C-alpha cells in the first residue's frame, strides 16, 4: 500500500479526544464520548489509523467501546479488510476490536457475527499471502482464535510462525503447547472451524514442519 500521510490536525484531534476521556468520570458520558469519537473515525476512514498517534488514541477508546461502538469500528474496517490487515499500525485496532468482540455480550450481536463471517472468509482466502506478509502475519494468529473461539496470550519467547503453528495444533489436537492459565474459551465465530482448520493444516502445518526439518538439516551441514 502506498505511504499515507495523515495531517497534523487529524492526529491532534484524536490525541486530544484520548486526553479528554481521562477527565470524564460519568459512565454514560464516557460511553457517549467514545461513540462520537468512533463515529468520527468512521467518517475519516480506516486509513487515518495508519498514524501511530491516531492508532494509540483509538486503542484507548475501544477498551471501553460498547456494542454500537464496536459495530461502527467493524463497519469502518470492513471497507478494506486487506488494508487494515496489512497496515503496520491499523492492524492493532483490528486485532483488539476482534478480541473485544469475542467476549459477551458482543459476540452474540447479529451484526458482529455478520462482520465476523466476512472477515473470516477474507482471511481464509488470503491465508497463504498473509503468511508471508511482514505485518499481516500477526493477524493470522487472531484469525485462528476468532474462528475457533479461543484466546491465547502471546508468548514473547515464541516466534510468530511457531505461535501460529501452536494455535492450530492446540485447537485441532488439544496439544499441551500453551499454559492453561493463558487460554480463554469463547464462542467460535465459525461453527465449522474444525473443517476449516483441517484444510489449513494440510497447507500450513505440513509445510511448516517440513521447513523446520530443512532448517535443522541446513544447520547441521
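In the numbering used here, the protein residues as written are 36 to 256.
Beta carbons are placed, not taken as given, at the ideal position from N, Cα and C, and that holds for glycine.
Everything numeric in this text was worked out from a predicted model, so none of it was measured.
Judged by DSSP secondary structure, residue 106 falls within the alpha helix (DSSP H) whose first and last residues are 102-112.
In this structure the region 146-155 does not lie against the region 77-96, because fewer than three pairs of beta carbons, one per stretch, are closer than 8 angstroms. The shortest C-alpha to C-alpha distance from residue 173 to any of 125, 97, 231 is the one to 125. In this structure, the alpha-carbon of residue 56 lies about 28 angstroms from that of residue 118.
Three or more beta-carbon pairs separated by less than 8 angstroms link the region 61-72 to the region 100-108, which places the two stretches in contact.
Rounded to whole angstroms, residue 221 and residue 185 show a C-alpha spacing of 5 angstroms. Note: residue 169 is not bridge-paired with any residue in the DSSP secondary-structure output. Cβ neighbours of residue 159 within its own chain (closer than 7 angstroms, five residues either side excluded): 231.
The beta-carbon distance between residue 170 and residue 219, rounded to whole angstroms, is 25 angstroms. This is too long to meet the 8 angstroms contact definition. Taking C-beta atoms as the reference points, residue 52 and residue 59 fail to come closer than 8 angstroms.
For residue 163, the closest alpha carbon among the candidates 63, 81, 54, 235 is that of 235. One thing to note: residue 177 has its Cβ within 8 angstroms of the Cβ of residue 130. Annotation for residue 186: the continuous beta strand (DSSP E) segment containing it runs 185-187. DSSP, reduced to helix, strand and coil, places residue 218 within a strand of the structure shown. Residue 48 and residue 233 have their alpha carbons spaced roughly 46 angstroms apart. When C-alpha distances from residue 76 are compared across 114, 62, 175, the shortest belongs to 114.
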